[in-house]
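Undergrad: Numbering (the working numbering), first residue to last: 2 to 171.
Before I ask anything, here is the structure I am working with.
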(Lines of atoms letter the chains of each structure in order from A; the text may use other names.)
(Lines give C-alpha, C1' and ligand atoms only; values in the text may rest on other atoms or scores of the structure.)
Protein backbone atom coordinates (compact mmCIF):
# COMPACT_ATOMS: atom_id res chain seq x y z
CA UNK A 2 0.00 0.00 0.00
CA UNK A 3 1.33 3.42 -0.91
CA UNK A 4 0.84 5.29 2.37
CA UNK A 5 0.73 8.87 1.09
CA UNK A 6 -2.21 8.16 -1.26
CA UNK A 7 -3.63 5.01 0.42
CA UNK A 8 -3.28 3.42 -3.02
CA UNK A 9 -3.39 -0.34 -2.74
CA UNK A 10 -0.79 -1.59 -5.24
CA UNK A 11 -1.41 -5.32 -5.54
CA UNK A 12 -2.91 -8.44 -4.06
CA UNK A 13 -3.16 -12.12 -4.75
CA UNK A 14 -5.13 -15.06 -3.39
CA UNK A 15 -4.01 -18.64 -2.91
CA UNK A 16 -5.15 -21.73 -1.06
CA UNK A 17 -1.69 -22.04 0.51
CA UNK A 18 0.47 -19.37 2.14
CA UNK A 19 3.86 -20.17 0.66
CA UNK A 20 6.85 -18.65 -1.14
CA UNK A 21 5.06 -18.88 -4.50
CA UNK A 22 2.28 -16.65 -3.13
CA UNK A 23 4.81 -14.10 -1.86
CA UNK A 24 6.72 -14.15 -5.17
CA UNK A 25 3.52 -13.54 -7.16
CA UNK A 26 2.49 -10.66 -4.91
CA UNK A 27 5.89 -8.96 -4.93
CA UNK A 28 6.22 -9.23 -8.72
CA UNK A 29 2.92 -7.32 -9.01
CA UNK A 30 4.15 -4.69 -6.55
CA UNK A 31 7.43 -4.37 -8.45
CA UNK A 32 5.62 -3.71 -11.73
CA UNK A 33 3.66 -0.92 -10.03
CA UNK A 34 6.72 0.53 -8.30
CA UNK A 35 9.09 0.78 -11.28
CA UNK A 36 9.12 4.59 -11.11
CA UNK A 37 9.08 4.79 -7.30
CA UNK A 38 12.70 4.92 -6.31
CA UNK A 39 13.92 5.00 -3.56
CA UNK A 40 11.47 2.48 -2.12
CA UNK A 41 10.64 1.32 1.42
CA UNK A 42 8.86 -2.03 1.84
CA UNK A 43 7.64 -2.99 5.32
CA UNK A 44 6.61 -6.53 6.19
CA UNK A 45 5.43 -8.58 9.12
CA UNK A 46 7.63 -11.41 10.33
CA UNK A 47 6.74 -13.93 7.60
CA UNK A 48 10.07 -15.45 6.55
CA UNK A 49 9.13 -15.68 2.84
CA UNK A 50 8.85 -11.90 2.37
CA UNK A 51 12.50 -10.71 2.43
CA UNK A 52 13.66 -13.30 -0.12
CA UNK A 53 10.66 -12.66 -2.37
CA UNK A 54 11.26 -8.91 -2.20
CA UNK A 55 14.91 -9.37 -3.15
CA UNK A 56 13.94 -11.63 -6.06
CA UNK A 57 11.27 -9.22 -7.32
CA UNK A 58 13.24 -5.99 -6.97
CA UNK A 59 16.38 -6.85 -8.89
CA UNK A 60 17.54 -6.13 -12.38
CA UNK A 61 20.13 -7.41 -14.83
CA UNK A 62 23.37 -5.44 -14.78
CA UNK A 63 26.01 -6.11 -17.41
CA UNK A 64 29.48 -5.29 -16.12
CA UNK A 65 31.79 -3.56 -18.57
CA UNK A 66 34.41 -5.78 -20.11
CA UNK A 67 32.92 -8.99 -18.77
CA UNK A 68 31.56 -11.87 -20.76
CA UNK A 69 28.71 -14.19 -20.03
CA UNK A 70 25.44 -13.73 -18.26
CA UNK A 71 24.54 -10.37 -16.71
CA UNK A 72 24.50 -10.23 -12.90
CA UNK A 73 21.25 -9.73 -11.03
CA UNK A 74 21.52 -6.74 -8.71
CA UNK A 75 19.00 -5.64 -6.07
CA UNK A 76 17.75 -2.08 -6.54
CA UNK A 77 20.36 0.07 -4.78
CA UNK A 78 17.75 2.32 -3.14
CA UNK A 79 15.55 -0.52 -1.83
CA UNK A 80 14.93 -0.62 1.92
CA UNK A 81 13.21 -3.63 3.53
CA UNK A 82 11.96 -3.27 7.09
CA UNK A 83 10.38 -5.94 9.26
CA UNK A 84 7.97 -5.31 12.12
CA UNK A 85 7.26 -8.29 14.39
CA UNK A 86 4.58 -8.06 17.07
CA UNK A 87 4.68 -10.53 19.95
CA UNK A 88 1.35 -11.09 21.67
CA UNK A 89 0.34 -12.62 24.96
CA UNK A 90 -3.32 -13.28 25.75
CA UNK A 91 -4.41 -11.33 22.64
CA UNK A 92 -2.41 -8.24 23.66
CA UNK A 93 0.70 -6.91 21.97
CA UNK A 94 3.49 -7.06 24.53
CA UNK A 95 6.52 -6.40 22.35
CA UNK A 96 7.23 -4.87 18.94
CA UNK A 97 10.53 -5.62 17.22
CA UNK A 98 11.56 -3.39 14.34
CA UNK A 99 14.58 -4.26 12.22
CA UNK A 100 15.97 -3.80 8.74
CA UNK A 101 16.13 -6.90 6.53
CA UNK A 102 17.91 -4.91 3.80
CA UNK A 103 19.19 -1.36 3.70
CA UNK A 104 19.93 1.29 6.31
CA UNK A 105 17.56 2.33 9.10
CA UNK A 106 18.30 6.06 8.68
CA UNK A 107 17.34 5.95 4.98
CA UNK A 108 14.19 3.96 5.81
CA UNK A 109 13.17 6.54 8.43
CA UNK A 110 13.77 9.35 5.92
CA UNK A 111 11.53 7.59 3.37
CA UNK A 112 8.91 6.96 6.05
CA UNK A 113 8.87 10.65 6.93
CA UNK A 114 8.53 11.59 3.24
CA UNK A 115 5.53 9.23 2.88
CA UNK A 116 3.73 10.88 5.82
CA UNK A 117 3.27 7.41 7.29
CA UNK A 118 4.59 8.14 10.76
CA UNK A 119 7.97 8.28 12.42
CA UNK A 120 8.68 4.61 13.21
CA UNK A 121 8.47 1.46 11.11
CA UNK A 122 4.95 0.05 11.40
CA UNK A 123 2.47 -2.04 9.44
CA UNK A 124 -0.68 -0.29 10.65
CA UNK A 125 -1.99 0.78 7.23
CA UNK A 126 -1.84 -2.67 5.67
CA UNK A 127 -3.21 -4.26 8.87
CA UNK A 128 -6.26 -1.99 8.64
CA UNK A 129 -6.74 -2.94 4.99
CA UNK A 130 -6.44 -6.64 5.88
CA UNK A 131 -9.06 -6.11 8.60
CA UNK A 132 -11.37 -4.52 6.03
CA UNK A 133 -10.91 -7.51 3.71
CA UNK A 134 -11.72 -9.93 6.52
CA UNK A 135 -14.76 -7.90 7.54
CA UNK A 136 -16.23 -7.72 4.04
CA UNK A 137 -15.18 -11.07 2.58
CA UNK A 138 -16.50 -13.87 4.77
CA UNK A 139 -14.15 -16.50 3.37
CA UNK A 140 -11.12 -14.50 4.59
CA UNK A 141 -12.13 -14.47 8.23
CA UNK A 142 -9.78 -16.29 10.49
CA UNK A 143 -11.04 -19.56 11.93
CA UNK A 144 -13.88 -19.85 9.46
CA UNK A 145 -15.24 -23.35 8.92
CA UNK A 146 -14.47 -23.43 5.22
CA UNK A 147 -12.13 -21.60 2.88
CA UNK A 148 -13.07 -19.93 -0.34
CA UNK A 149 -14.29 -22.56 -2.76
CA UNK A 150 -14.01 -20.23 -5.72
CA UNK A 151 -10.64 -18.51 -5.72
CA UNK A 152 -11.54 -16.33 -8.73
CA UNK A 153 -14.58 -14.87 -6.93
CA UNK A 154 -12.45 -14.15 -3.87
CA UNK A 155 -9.80 -12.50 -6.07
CA UNK A 156 -12.40 -10.23 -7.71
CA UNK A 157 -13.92 -9.34 -4.34
CA UNK A 158 -10.50 -8.45 -2.97
CA UNK A 159 -9.79 -6.10 -5.88
CA UNK A 160 -13.22 -4.49 -5.61
CA UNK A 161 -12.75 -3.75 -1.91
CA UNK A 162 -9.15 -2.57 -2.42
CA UNK A 163 -10.20 -0.07 -5.06
CA UNK A 164 -13.22 1.11 -3.06
CA UNK A 165 -10.94 1.79 -0.08
CA UNK A 166 -8.74 3.98 -2.30
CA UNK A 167 -11.74 5.88 -3.64
CA UNK A 168 -13.16 6.42 -0.15
CA UNK A 169 -9.79 7.69 1.12
CA UNK A 170 -9.47 10.04 -1.87
CA UNK A 171 -12.89 11.62 -1.35
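Idealized CB from N, CA, C, for every residue including glycine.
1) Do residue 103 and residue 79 have their CB atoms nearer than 9 Å?
2) Provide the residue span of the alpha helix (DSSP H) that contains residue 106, from first to last.
3) Leaving out the 5 sequence neighbours to the left and right, which residues in its chain are closer than 8 Å to residue 60 when beta-carbon positions are compared?
4) Thinking C-alpha only, which one of 54, 35, 155 and 33 is nearest residue 43?
5) In whole angstroms, what is the alpha-carbon distance linking residue 39 and residue 81?
6) Could you name the residues that DSSP lists as bridge partners for residue 42?
7) To the nearest angstrom, how far is the alpha carbon of residue 30 from that of residue 37?
8) Count the C-beta pairs between the stretch 125-140 and the stretch 157-169 that are closer than 8 Å, then say yes if the count reaches three, no if not.
9) Round the Cβ separation of residue 105 and residue 112 to the nearest angstrom and send it over; I've been treating them as touching at under 8 Å.
10) Note down the Cα distance separating residue 100 from residue 48, rounded to an integer number of angstroms.
11) Let's see if you can read the secondary structure: which residues bound the alpha helix (DSSP H) around residue 126?
TA: According to the data block:
1) Position 102 of the chain shown, counted from the first residue, corresponds to residue 103. Position 78 of the chain shown, counted from the first residue, corresponds to residue 79. For residue 103 and residue 79, yes; Cβs fall inside 9 Å.
2) To locate residue 106, count along the chain shown from 1; it is residue 105. It spans 105-114 - the alpha helix (DSSP H) in which residue 106 sits, taken as one unbroken run.
3) Along the chain shown, read from residue 1 onward, the residue named residue 60 stands at position 59. Here the set comprises 73, 74 and 76.
4) If you number the chain shown from 1, residue 43 lands on position 42. For residue 43, the nearest C-alpha among the options comes from 54.
5) Position 38 of the chain shown, counting from 1, holds the residue named residue 39. Position 80 of the chain shown, counting from 1, holds the residue named residue 81. So the alpha carbons of these two residues sit roughly 11 Å apart.
6) Residue mapping note: residue 42 aligns to position 41 of the chain shown, counting from 1. 81, per the DSSP bridge assignment.
7) Counting from 1 along the chain shown, the entry for residue 30 is found at position 29. Counting from 1 along the chain shown, the entry for residue 37 is found at position 36. So the alpha carbons of these two residues sit roughly 11 Å apart.
8) yes
9) Sequence index remark: in the chain shown, residue 105 carries index 104 (1-based). Sequence index remark: in the chain shown, residue 112 carries index 111 (1-based). Their Cβ separation, rounded to whole angstroms, is 10 Å, which puts residue 105 and residue 112 out of contact at 8 Å.
10) To locate residue 100, count along the chain shown from 1; it is residue 99. To locate residue 48, count along the chain shown from 1; it is residue 47. Approximately 13 Å, taken between the alpha carbons.
11) Residue mapping note: residue 126 aligns to position 125 of the chain shown, counting from 1. Taken as a continuous stretch (DSSP letters only), the alpha helix (DSSP H) holding residue 126 covers 124-136.
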